[in-house]
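K.L.:
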Amino acid sequence: MKYLDEYRDERIARALAAEIAQRVTRPWALMEICGGQTHTIMRYGIDDLLPEGVELVHGPGCPVCVTPLETIDKAIELASRPQVTLVSYGDMLRVPGSETDLFQVKAKGGDVRVVYSPLEAVKLARALPTRKVVFLAIGFETTAPANAMAAWQAKQSNLENFSLLVSHVLVPPAIRLLLKSPQNRVQAFIAPGHVCTVMGYTQYEQLVAEFRVPIVVGGFEPVDILEAILMLVAQLEQGEARLENQYVRSVTRPGNLPAQGMVERVFEVSDQKWRGIGAIPGSGLRLRPEFAAYDADKVFGLSAVEVREPPECISALVLQGLKKPTDCPAFASRCTPENPLGAPMVSAEGACAAYYHYRRHRIAN
Amino acid sequence: MCLAIPGKILDVTEHSGLRSGRVEFGGIVRSVCLDYVPEAGVGDYVIVHVGFAISVVDRQEAERTYQILEEMGVLETELSSIEDASDDSP
Numbered sequence: 554m555k556y557l558d559e560y561r562d563e564r565i566a567r568a569l570a571a572e573i574a575q576r577v578t579r580p581w582a583l584m585e586i587c588g589g590q591t592h593t594i595m596r597y598g599i600d601d602l603l604p605e606g607v608e609l610v611h612g613p614g615c616p617v618c619v620t621p622l623e624t625i626d627k628a629i630e631l632a633s634r635p636q637v638t639l640v641s642y643g644d645m646l647r648v649p650g651s652e653t654d655l656f657q658v659k660a661k662g663g664d665v666r667v668v669y670s671p672l673e674a675v676k677l678a679r680a681l682p683t684r685k686v687v688f689l690a691i692g693f694e695t696t697a698p699a700n701a702m703a704a705w706q707a708k709q710s711n712l713e714n715f716s717l718l719v720s721h722v723l724v725p726p727a728i729r730l731l732l733k734s735p736q737n738r739v740q741a742f743i744a745p746g747h748v749c750t751v752m753g754y755t756q757y758e759q760l761v762a763e764f765r766v767p768i769v770v771g772g773f774e775p776v777d778i779l780e781a782i783l784m785l786v787a788q789l790e791q792g793e794a795r796l797e798n799q800y801v802r803s804v805t806r807p808g809n810l811p812a813q814g815m816v817e818r819v820f821e822v823s824d825q826k827w828r829g830i831g832a833i834p835g836s837g838l839r840l841r842p843e844f845a846a847y848d849a850d851k852v853f854g855l856s857a858v859e860v861r862e863p864p865e866c867i868s869a870l871v872l873q874g875l876k877k878p879t880d881c882p883a884f885a886s887r888c889t890p891e892n893p894l895g896a897p898m899v900s901a902e903g904a905c906a907a908y909y910h911y912r913r914h915r916i917a918n
Numbered sequence: 012m013c014l015a016i017p018g019k020i021l022d023v024t025e026h027s028g029l030r031s032g033r034v035e036f037g038g039i040v041r042s043v044c045l046d047y048v049p050e051a052g053v054g055d056y057v058i059v060h061v062g063f064a065i066s067v068v069d070r071q072e073a074e075r076t077y078q079i080l081e082e083m084g085v086l087e088t089e090l091s092s093i094e095d096a097s098d099d100s101p
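Laid out in structure tokens, this is it:
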């Protein structure tokens with residue numbers, strides 16, 4: 554496919570890796586924020602191409618993984634109600650709640666449906682006027698414009714049987730938290746290219762200035778990631794800290810203004826809990842009061858729920874970059890994508906799933 | 012979740028108040044909301060996430076990889092169909 558294949562060209566990847574090896578004089582720890590980038594790194598063995606000493610620490614950029622257990626339990630509770638049709642992105646179905654998961658609820662007769670786009674959820678609500686259709690609206694800034702459009706459309710057409718169970722997270726406050734942590738050892742960041750496609754990168758320029766940390770906005774293909782690593786290593790070796798944009802073909806400094814406008818109309822910034830990390834001030838989005846009639850929490854009067862995390866799961870440490878999935882004693886034995894203990898083993902962006910799909914045989918040997 | 016892929020716009024229509032279009036991804040065609048890329052037209056490549064185009068691919072920038080390939084002396088044999096390898100380095 555055009556604009557994909559050439560970014561997977563092995564010769565360019567090897568040339569970039571050789572260039573990185575030439576520049577490096579000492580060890581560096583870099584974090585890729587986005588789980589999509591983690592998967593590219595594992596799938597193409599990018600970490601194997603890097604010189605010894607350049608370590609990639611995997612970040613918390615997996616929306617499915619950081620969606621709070623409370624939200625999962627609420628979705629499970631709603632999906633178990635006979636009048637509710639719960640609509641979700643596919644990745645969420647096997648995410649373990651305190652007692653069960655949405656897949657099990659569906660197997661027991663709950664009306665749980667998977668969509669590719671939030672507009673399909675709106676369409677479903679129109680097609681099923683006697684059902685209460687709830688869309689599990691999770692995501693980072695990349696997904697916020699799409700989820701906002703669903704709420705906007707529902708309000709414009711006075712759709713009464715549609716609501717959203719919202720869990721939206723924002724990247725820059727999470728980077729700030731990581732950088733402020735006394736345990737932090739990350740020296741430079743690959744910023745998430747699709748989040749920045751929507752939001753631009755001025756917030757990341759602020760982080761560079763505040764913490765004197767190099768940040769490069771990176772794409773998702775092997776060549777993108779290697780080029781972003783090269784740009785970061787060049788800065789680190791020179792003792793510089795700048796914001797650079799590797800993913801120029803999609804990202805502009807101001808970002809996508811029409812998309813930001815829709816997010817602004819529908820959502821407001823709020824404090825948000827991240828599964829495995831905890832509450833981060835100003836790191837989430839919630840529906841504005843004008844959209845209260847579409848807020849599932851309010852429509853169904855959902856109250857705070859007691860949650861229970863599996864004691865064996867170390868996903869909290871994995872999400873903060875403090876442990877690798879393979880450090881977990883349950884990895885690939887008591888925790889697999891079919892029977893996951895934690896969300897990072899489920900999601901297409903989860904670090905545990907990436908190691909499981911691309912590395913488990915090597916580890917077993 | 013943040014996965015997004017480039018596809019080519021085949022046509023542009025107005026669909027229940029939304030600007031949408033058919034977009035081709037390596038042979039697969041899907042309906043995509045184009046409301047957030049008002050500047051995009053037929054033939055443009057857009058980056059698509061959960062059914063929404065979130066950016067128009069900057070062609071000149073995207074040709075940069077072809078330039079690297081060209082410098083490596085492999086372009087003629089493998090990517091002969093690319094007509095317009097621009098000389099403008101970004």
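Heads up: the protein sequence lines correspond to chains A and B, in order. Just so you know, we're using this note's numbering here: the first sequence kicks off at 554 and counts up by one. Just so you know, we're using this note's numbering here: the second sequence kicks off at 12 and counts up by one. Every residue, glycine too, gets a C-beta built ideally from N, C-alpha and C. In this text, all values refer to a predicted model and were calculated from it rather than measured experimentally.
Assuming residue 902 of chain A and residue 589 of chain A form a contact by the criterion Cβ under 8 Å, report the distance between their Cβ atoms to the nearest whole angstrom.
P.N.:
About 5 Å separates the beta carbon of residue 902 of chain A from that of residue 589 of chain A, a gap short enough to meet the 8 Å contact definition.
K.L.:
To be precise: take each residue of the segment 693-726 of chain A, compare its Cβ to all Cβ atoms of chain B, and keep it if any distance is under 9 Å. Which residues remain?
P.N.:
693, 694, 695, 696, 698, 699, 700, 702, 706, 709 and 710
K.L.:
Within its chain, find whatever has a CB closer than 8 Å to the CB of residue 759 of chain A; leave out the 5 residues flanking it on each side and keep chain order.
P.N.:
725
K.L.:
I'd like the span of the alpha helix (DSSP H) that includes residue 868 of chain A, first residue to last.
P.N.:
868-872
K.L.:
Does the Cβ of residue 886 of chain A have 16 or more other Cβ atoms within 10 Å, making it buried, or fewer, making it exposed?
P.N.:
exposed
K.L.:
Which of the three DSSP states is assigned to residue 557 of chain A in this structure?
P.N.:
coil
K.L.:
Quick check on residue 861 of chain A: buried or exposed, where buried means 16 or more other Cβ atoms within 10 Å of its Cβ?
P.N.:
exposed
K.L.:
Relative to the C-alpha of residue 47 of chain B, which residue among B/38, B/57 and B/22 is closest?
P.N.:
B/57
K.L.:
Using CA atoms only, rank isn't needed, just tell me which of A/828, A/750 and A/870 is closest to residue 734 of chain A.
P.N.:
A/870
K.L.:
Compute the Euclidean distance between the alpha carbons of residue 643 of chain A and residue 668 of chain A, then round it to the nearest angstrom.
P.N.:
7 Å
K.L.:
Consider the Cβ of residue 871 of chain A: report whether some Cβ of chain B lies at a distance smaller than 9 Å.
P.N.:
No, no contact with chain B.
K.L.:
Closer than 7 Å by beta-carbon distance: list the chain A residues that pair up with residue 62 of chain B, in chain order.
P.N.:
Against chain A, the beta carbon of residue 62 of chain B has neighbours under 7 Å at 669, 670, 672 and 699, listed in chain order.
K.L.:
Going along chain A in order, which residues have a C-beta closer than 8 Å to the C-beta of residue 68 of chain B?
P.N.:
556, 802 and 803
K.L.:
Using only the alpha-carbon positions, how far apart do residue 622 of chain A and residue 656 of chain A sit?
P.N.:
One C-alpha to the other measures close to 15 Å.
K.L.:
Would you kindly report the start and end of the unbroken alpha helix (DSSP H) that includes residue 851 of chain A?
P.N.:
849-852
K.L.:
May I ask you to check if the CB of residue 865 of chain A is nearer than 8 Å to at least one heavy atom of the ligand COA?
P.N.:
The model depicted lacks the ligand COA and carries no ligand whatsoever.
K.L.:
Distance check for residue 880 of chain A and residue 909 of chain A, CA to CA, integer angstroms please.
P.N.:
13 Å
K.L.:
Please go through the same chain and pick out, in chain order, the residues whose beta-carbon is closer than 8 Å to the beta-carbon of residue 584 of chain A, but skip the five residues on each side of it.
P.N.:
609, 610, 611, 612, 731, 739, 741, 742, 743 and 874
K.L.:
Along the chain, where does the beta strand (DSSP E) containing residue 615 of chain A start, and where does it finish?
P.N.:
No beta strand (DSSP E) contains residue 615 of chain A, which DSSP labels as neither H nor E.
K.L.:
Does residue 15 of chain B come out as helix, strand or coil in the three-state DSSP assignment?
P.N.:
coil
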